[in-house]
Amino acid sequence: MNILLYPNKNLNKKSKLIKYFFLKKIFFYIYEIRNILLLNENYLALSGIQIGLKKRFFLMKYKKKILTFINPVILWSSKKKEKFIESCISIPNFSVIKERSKYIIIKYKNEEFYERIFFARNIFSSCIQHEIDHMNGILINNY
Ligand SMILES: [Zn+2]
Numbered sequence: 048m049n050i051l052l053y054p055n056k057n058l059n060k061k062s063k064l065i066k067y068f069f070l071k072k073i074f075f076y077i078y079e080i081r082n083i084l085l086l087n088e089n090y091l092a093l094s095g096i097q098i099g100l101k102k103r104f105f106l107m108k109y110k111k112k113i114l115t116f117i118n119p120v121i122l123w124s125s126k127k128k129e130k131f132i133e134s135c136i137s138i139p140n141f142s143v144i145k146e147r148s149k150y151i152i153i154k155y156k157n158e159e160f161y162e163r164i165f166f167a168r169n170i171f172s173s174c175i176q177h178e179i180d181h182m183n184g185i186l187i188n189n190y
């Protein structure tokens with residue numbers, strides 16, 4: 048499975064919500080993304096659009112696990128911001144300092160399509176905001 052690289056136009060497209068009946072169809076992509084993350088120690092997260100599937104989901108490494116976040120929505124983000132050095136798997140050899148909320152709370156569906164809440168801080172907060180930007184067609188060099 049190929050990772051889309053900038054300036055591929057698909058990276059600027061908006062991803063669509065995943066409906067329950069479509070869930071089984073994304074399992075293959077979830078499997079592929081999990082393998083990519085496992086094989087690349089320095090990759091933290093990857094979203095569906097980055098392997099060409101315009102659906103709202105991403106996987107992120109967290110506490111020695113790889114979690115799947117389907118249809119993530121930010122419920123709350125802290126006024127407290129922090130500057131993070133960000134890079135993107137789709138934009139090789141590029142990084143930028145980006146100010147984002149230090150804490151966020153999101154809701155999402157897990158692989159069984161149960162609704163879950165996730166509180167993220169620091170790098171995980173920045174990472175999730177980065178992945179949700181991907182779902183809205185925004186890259187770190189678009190700001
Ligand atoms: Zn990225």
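Each residue of the sequence shown is one higher than the last, beginning at 48 in my numbering.
Beta carbons: idealized from backbone N, C-alpha and C, even for Gly.
Assuming residue i contacts residue j (C-beta within less than 8 Å), just tell me the rounded distance between them.
| i | j | result |
| --- | --- | --- |
| S148 | K128 | 6 Å |
| A167 | I187 | Not really, about 18 Å apart at Cβ, beyond 8 Å. |
| S62 | G99 | Contact flag wrong, Cβ pair sits at about 11 Å. |
Does the distance from the C-beta atom of residue i to that of residue j stay below 8 Å?
| i | j | result |
| --- | --- | --- |
| Q97 | I50 | yes |
| N72 | K101 | First, the amino acid is wrong: residue 72 is Lys here, not Asn. Against a cut-off of 8 Å, the Cβ pair of K101 and K72 comes out as no contact. |
| I77 | L122 | no |
| E158 | T115 | yes |
What is the rounded straight-line gap between the Cα of residue i and the Cα of residue j?
| i | j | result |
| --- | --- | --- |
| R163 | N118 | 11 Å |
| F68 | F104 | 15 Å |
| L91 | L84 | 7 Å |
| S142 | S172 | 17 Å |
| I132 | E178 | 15 Å |
| R81 | I113 | 7 Å |
What are the boundary residues of the alpha helix (DSSP H) that residue i is part of?
| i | result |
| --- | --- |
| M182 | 169-182 |
| L93 | Where L93 is concerned, there is no enclosing alpha helix (DSSP H), although the beta strand (DSSP E) it sits in stretches over 92-94. |
| Y76 | 70-86 |
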